[in-house]
Each structure stands twice: as C-alpha cells, then as structure tokens.
Amino acid sequence: MKKFIAKIVNKTNVIAVILSLLIFMSFIIFILPQEAAKSEAFGLTENIDTSFVYTADDLYRIADSYGEEGRAFYIRQRFTFDLIWPIAYTQFLLIASAYFYKKTKLLKASYLLYVSLVAAGFDYLENIMASIVLYRFPQTTPILADISGIMTLMKWSTLSLSFLILIFFMIVGTFTQLKQRFTQ
Numbered sequence: 002m003k004k005f006i007a008k009i010v011n012k013t014n015v016i017a018v019i020l021s022l023l024i025f026m027s028f029i030i031f032i033l034p035q036e037a038a039k040s041e042a043f044g045l046t047e048n049i050d051t052s053f054v055y056t057a058d059d060l061y062r063i064a065d066s067y068g069e070e071g072r073a074f075y076i077r078q079r080f081t082f083d084l085i086w087p088i089a090y091t092q093f094l095l096i097a098s099a100y101f102y103k104k105t106k107l108l109k110a111s112y113l114l115y116v117s118l119v120a121a122g123f124d125y126l127e128n129i130m131a132s133i134v135l136y137r138f139p140q141t142t143p144i145l146a147d148i149s150g151i152m153t154l155m156k157w158s159t160l161s162l163s164f165l166i167l168i169f170f171m172i173v174g175t176f177t178q179l180k181q182r183f184t185q
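For the sequence shown, our numbering assigns the number 2 to the initial residue and increments by one for each residue that follows.
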C-alpha cells in the first residue's frame, strides 16, 4: 500500500487533479440527482446511506418502510451506482490531496493520504451489510444490522476527515510555495 501511495504522489500533476475534480463534480451535478430521483420514485424518502448514524431498529424500520420493491431497488443501487461513487470521490480526494501534499514538504504526513481509502472501505462495508440486512428482511440479522450503523458513522467521519486533510494540504502547500517564491 505504501508503494501505491508513493506512486500516486509521484505521478500526480495539475492535469490529474483537474480530471479527478471533473469526474467528482460530474457525479455531484448529474449522477447523484438522477439516483436521488430514482430513489424518490420508489418512495425511499429516508436514505440509509445519508444518515450520519443509525441503530439496528432504525435500519429495520427503514427496511419496512421501503417495501419489497424498494428494498430490491436499494440493493440493486448498492451494487451498481454505489460501486462507482466511492471510487469517484476517493480518486478525487486522493489525487488532489497527493498533489498538494507534494507541495507541503511535510514528508511525515503521507499517512494522511490513506484516510480517503479507509473512507471508501467503510462505505463498501456499509453497503454490503445494509444490503444483506435488507435482503433478509423481515428476518433479523442482528450483528450486521448493529455494525452497519457503525460503518456509516465511520464512513462519514473518515470522509469528512479526508476533506479536512485536503484543505489542510491546500493551505500548507500554498503557503510553502508562496514562501519559497518570496525567499528566492
């Protein structure tokens, strides 16, 4: 994994950042609204994925409110659209963070680049667990139902942290570049 991060840092340039931003923004502007409209058409007004945290009881209540067709749609969506979405946001966060990290000269901070990968991992775990619970509903799936809410909390926490890390690298990288420019 260390080699993977090193390769990203070494290969990242401004064009890669712009392309990754375009992919990320395309998802936000075009694909997310389409997926939200599809969910709404199925009557999925309460979304598991956008909750910051939920309990097993919340998950079962939501599963019940979705109905059989809504649950089937939710599961299908997790294994189509939601396979790609974490890749879209992770590639942006990783590439943009790596680009600005290079400019910071903070060599010991490279471990912060892993956070966006961890966020995607939690997102996939949340999707798998929630899908299994919804697939088995009305049967209960106690351990997965409990852990699913924790995965959601961890996803949002690490995703938020990833954006903060990007902002940190942008600020420090910009100041480092300005300082170098004015001291030469």
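Every residue gets a Cβ at the ideal spot worked out from N, C-alpha and C, and that includes glycine. Quantities reported herein were computed from a predicted structural model and do not represent experimental measurements.
Could you name the residues of the same chain whose beta carbon sits closer than 6 Å to that of residue i, not counting the 5 residues immediately before and after it, in chain order?
| i | result |
| --- | --- |
| residue 128 | 79 and 83 |
| residue 124 | 87 and 156 |
Please report the Cβ distance between residue i and residue j, rounded to the nearest whole angstrom; I am assuming they are in contact, meaning their Cβ atoms lie under 8 Å.
| i | j | result |
| --- | --- | --- |
| residue 18 | residue 150 | About 34 Å; that fails the 8 Å criterion. |
| residue 130 | residue 145 | 5 Å |
| residue 135 | residue 72 | 5 Å |
| residue 116 | residue 51 | No, residue 116 and residue 51 are not in contact; Cβ-Cβ is about 20 Å, not under 8 Å. |
| residue 100 | residue 13 | 5 Å |
My output table needs one value for residue i: the three-state DSSP class, helix, strand or coil.
| i | result |
| --- | --- |
| residue 187 | Residue numbering for the chain in the displayed model covers 2 to 185; residue 187 lies beyond these limits and cannot be assessed. |
| residue 170 | helix |
| residue 87 | helix |
| residue 2 | coil |
| residue 45 | coil |
| residue 10 | helix |
| residue 53 | coil |
| residue 34 | helix |
| residue 78 | helix |
| residue 176 | helix |
| residue 139 | coil |
| residue 106 | coil |
| residue 185 | coil |
Classify residue i: buried if its beta carbon has 16 or more other beta carbons within 10 angstroms, exposed otherwise.
| i | result |
| --- | --- |
| residue 152 | buried |
| residue 98 | buried |
| residue 184 | exposed |
| residue 49 | buried |
| residue 5 | exposed |
| residue 27 | exposed |
| residue 40 | buried |
| residue 21 | buried |
Near residue i, what residues of its chain come up, given a Cβ to Cβ distance below 8 Å and the 5 sequence neighbours on each side ignored?
| i | result |
| --- | --- |
| residue 102 | 10, 110, 111, 113, 114, 170 and 174 |
| residue 194 | The shown model of the chain, from 2 to 185, leaves out residue 194, and the question about it has no answer. |
Can you name, in chain order, every residue of its own chain whose Cβ lies under 7 Å from the Cβ of residue i, other than the five neighbours on each side?
| i | result |
| --- | --- |
| residue 133 | 142 and 145 |
| residue 90 | 25 |
| residue 43 | 70, 71 and 74 |
| residue 104 | 174, 177 and 178 |
Between residue i and the ligand COA, is there a pair consisting of the residue's CB and a ligand heavy atom that are separated by less than 8 Å?
| i | result |
| --- | --- |
| residue 158 | Inclusion of the ligand COA in the displayed structure is not the case, the ligand content being empty and no account of it being possible. |
query: Pairing CB atoms from the stretch 134-148 with CB atoms from the stretch 53-65, are three or more of them under 8 Å?
result: Contact check between the stretch 134-148 and the stretch 53-65: three or more CB pairs, one atom from each, fall below 8 Å, which counts as touching.
message: Does the stretch 84-95 come into contact with the stretch 153-169, if we say contact requires no fewer than three beta-carbon pairs (one atom in each stretch) closer than 8 Å?
response: The answer is yes - the stretch 153-169 touches the stretch 84-95, with three or more Cβ pairs under 8 Å.
message: Using 8 Å as the cut-off, can you tell me whether the stretch 171-181 makes contact with the stretch 104-111, which would need three or more C-beta pairs spanning the two stretches below that distance?
response: The stretch 171-181 is in contact with the stretch 104-111.
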